[in-house]
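Notes follow once the structure below has been shown.
There are 2 protein chains.
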Amino acid sequence: MKNFDHPQVKPYLITRTLFPENQETPIHFLNSDIVDGKLFYRRNHFSYPHFTSSFYLLPIDGLVHTPKIFSLQEIYSLPSKTIKVVLECAGDKRELFQPKVFGEQFGKGAISQGIWKGVSLRTLLQHTGLIDTAKEIVFEGYDYGERPDSNQIFNFSRSLPIKKALEPDILIAYEYNNQPIPFKHGFPLRLIVPGWYAMASVKWIKKITVIDKEFKGPFQVVDYVYYPNKENDGGKFSVTAANVNSTIQYPLDRQLLHTGIYEIKGIARTGEGMITKVEISLDGGQTWEPCQLNSPSEKYSWVHWNYKWEALKKGEYTIKLKATDSQGNVQPSEPFWNRKGYGYNAFDSIKVKVE
Amino acid sequence: MKNFDHPQVKPYLITRTLFPENQETPIHFLNSDIVDGKLFYRRNHFSYPHFTSSFYLLPIDGLVHTPKIFSLQEIYSLPSKTIKVVLECAGDKRELFQPKVFGEQFGKGAISQGIWKGVSLRTLLQHTGLIDTAKEIVFEGYDYGERPDSNQIFNFSRSLPIKKALEPDILIAYEYNNQPIPFKHGFPLRLIVPGWYAMASVKWIKKITVIDKEFKGPFQVVDYVYYPNKENDGGKFSVTAANVNSTIQYPLDRQLLHTGIYEIKGIARTGEGMITKVEISLDGGQTWEPCQLNSPSEKYSWVHWNYKWEALKKGEYTIKLKATDSQGNVQPSEPFWNRKGYGYNAFDSIKVKVE
């Protein structure tokens, strides 16, 4: 007979849609700083692309002095850089917006962190040079399909302004957690734009093109744009760097607890700069106390925080959390509502009952 | 190189809590009538029990003429019965209650269906006889632990009134989908009470005891009781048969769609009787049209229904669904709020946007 002494209990990805595949990381149930590739959230606009990776080549052309086609071997042989990076979908926490918005209803798990290794984009561009009129760099992925708002076929393409693209931490990555990037996360090459929401980190890069104007692809100027108004496009602006944000991992929302002493814990992150402070309220936001940060705050990474809570009095508690970053950004009490539901970063908030 | 032509895309269980393990079935992404054991929702009050299944014996004692201890071989050798049964957690859809209640925040997936095989409880009781004063039968599971509302240790135990217990479809089951019951679902023996919410279907049966009074265990008289009032226990009554209920599997809530023709589809079930009618509204409940039932309605099983929707006009649509059963029960427009959040069965409701 089987040994049932320790039946395996483990979390799984949380399915939001299957075709295309959109599945969240079970963020409340992670006990590692580094998300295993299997539990890394999957966010797709289209079905998975088909290409023959053994013939894979990366062309860089457009407004460059010397257009070049890189083989994977060439890329692997260039000086590399390894960075721990949070990737967070711009639609993370979308389901929390009130009024609710349309689109994939992500909870708090469209976020993962791990170790990306690759070559700086700027190193590759040193091999091609840039013509003076160059303004943006366009990254086209192999994934393509029809969009619900049109009958045209598009590849997933995004651009970066030249200045951003030349930052040394912008990687053409080929490893995740010391392994080739898992296919679903962009094998063989994925752009990694640390600090920006993850729509910028184009998977399965097909080609890189330097242009002298603003790129107008639909994933640049239709999606991944904040539209503050429900009925018109007034006041719109692009989604770029990730907002300062935090998530309470334990306890869970609506959990029933004994009286006792608990370690409330979770993560906090920001796009630009570092987390400097995490504060908690046990009375719905009236009074705040500092949480302990468990590790020195690093650029591009989330920090773990915790707070020892003596839950000695029975009753219902609304627990709120707010993080502050080194640029002075603080999570707001209310989210910035926008029609497509990007960048939710209001105080994280849960309710528990002590009985 | 690997063949990435068809990367596997599949749904997983949806984690609500890990210790104890509570994970939902990805109900929107099932394409079979029978839920594979791996995707069957897991609902536990405690950690998994430890017992040596090779020495497993089932005692039946208390108010019986001849107390007996059954071996598994004896049970397997008795006449068997095989029934397709829906099991649904009484807390299914709990997260939809407004105001929100405490406890595991199940969405719409704490429900699964499959083929259970076992011996009728009544057949076993013919071997022991029942003393005239017998009133209830108590089923104790091997799982035990502390409850959040006390410092005492309890096994998970539930009772059935004699009359219910003697219905021929009440099974001591040993197979699920033609295989031994998966350990997490009650191996080697699980009580199956078709039509009742699944707290009645005790897993890992340790013993069966016949008593002459009402059983007062906490999973009988504290949990699995409807408390209509937030602050007091007035008007309380036990959770028994499952309510008539339905779920729209496709499209998904808040999905964005092209104009076009869609097959809206889902399931409907009821505890006692059969589903006789499923109706859909595409205008938020003002007008209703009948759905097609894809299979003859059977006792204890869910039915699949579908509706061909010509979504030719752009805009937002609130889609509502209500099922009716052969007892005349109809899903209500508003849920019956109760403090512990059982039996949610208001109209299923989603919003989609056609663009």
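Protein sequence lines, in the order shown, are assigned to chains A and B.
Numbering-wise (my numbering), the first sequence opens with residue 1 and increments by one.
Numbering-wise (my numbering), the second sequence opens with residue 356 and increments by one.
Quick reminder that beta carbons are idealized off the backbone N, C-alpha and C, glycines included.
Asked	Found
Pick from A:I264, A:S238, A:L130, A:Q126 that is closest to G343 of chain A, judged by C-alpha positions	A:S238
Proximity winner among A:K308, A:A268, A:V244, A:E279, relative to D33 of chain A (alpha-carbon distances)	A:A268
Sequence-distant residues of its chain with Cβ nearer than 8 Å to L78 of chain A (five each side left out)	V119, T123, L124
Where K206 of chain A falls, given that 16 or more other Cβ within 10 Å makes a residue buried	buried
Cβ of P362 of chain B within 8 Å of any chain A Cβ	yes
Whether H540 of chain B touches F425 of chain B by CB criterion (8 Å)	no
Contact belief for P194 of chain A with T370 of chain B at Cβ below 8 Å, rounded distance in angstroms	About 28 Å separates the two Cβ atoms, so there is no contact after all.
Residue-level contact to chain A via CB, G458 of chain B, 8 Å cutoff	yes
V580 of chain B to Y224 of chain A span [Cα, whole Å]	47 Å
Validate contact between the stretch 297-304 of chain A and the stretch 84-94 of chain A using beta carbons, cut 8 Å, 3 pairs	yes
Sequence-distant residues of the same chain with beta carbon closer than 8 Å to M356 of chain B, five excluded per side	Low confidence applies to M356 of chain B: its pLDDT is 39, below 50, so where it sits in the model is not reliable, and the reading given next is rough at best. So no residue of the chain qualifies.
Given K117 of chain A as reference, the closest of A:P332, A:F187, A:P99, A:W305 once Cα atoms are compared	A:F187
Near-chain B residues of the stretch 252-273 of chain A (beta-carbon distance less than 8 Å), N- to C-terminal order	L252, D253, R254, Q255, L256, L257, H258
G341 of chain B - DSSP class collapsed to helix/strand/coil	Any question about residue 341 of chain B goes unanswered here, given that chain B covers just 356 to 710.
Other residues of its chain near T631 of chain B: CB distance less than 8 Å, five sequence neighbours each side excluded	S652, T679, D680, S681
Where the stretch 145-161 of chain A meets chain C: residues whose CB sits under 7 Å from a CB there	Considering every chain present, this structure includes no chain C. Its protein chains are A and B.
Burial state of E279 of chain A, where buried means 16 or more other Cβ atoms lie within 10 Å	buried
Residues of the stretch 650-680 of chain B whose Cβ lies closer than 7 Å to any Cβ of chain A, in chain order	none
Stretch-stretch touch, CB-based, cutoff 8 Å, three pairs: the stretch 209-225 of chain A with the stretch 147-162 of chain A	yes
Burial state of T133 of chain A, where buried means 16 or more other Cβ atoms lie within 10 Å	exposed
Partner residues on chain B for E175 of chain A, Cβ-Cβ distance less than 7 Å	In chain order: nothing, as chain B lies at least about 16 Å away.
In DSSP terms, what L257 of chain A is bridged to	A:V354
Residue burial classification, F461 of chain B (beta-carbon count within 10 angstroms, cutoff 16)	buried
Three-pair Cβ contact test at 8 Å for the stretch 681-693 of chain B versus the stretch 596-607 of chain B	yes
Of the residues A:T209, A:P26, A:E167, the one placed nearest I192 of chain A, counting alpha carbons only	A:E167
Nearest-angstrom Cα separation, counted from I705 of chain B out to K340 of chain A	18 Å
As assigned by DSSP and simplified to three states, the class of P7 of chain A	coil
Inside the stretch 40-116 of chain A only - alpha helix (DSSP H) runs reaching at least 4 residues	72-77
8 Å Cβ cutoff, G698 of chain B in contact with chain A	no
Reference D253 of chain A; option with closest CA among A:T287, A:I208, A:T318, A:V222	A:T318
Buried versus exposed call for I131 of chain A [16 or more other C-beta atoms within 10 Å across all chains shown]	exposed
Unbroken beta strand (DSSP E) run spanning H659 of chain B, endpoints	658-666
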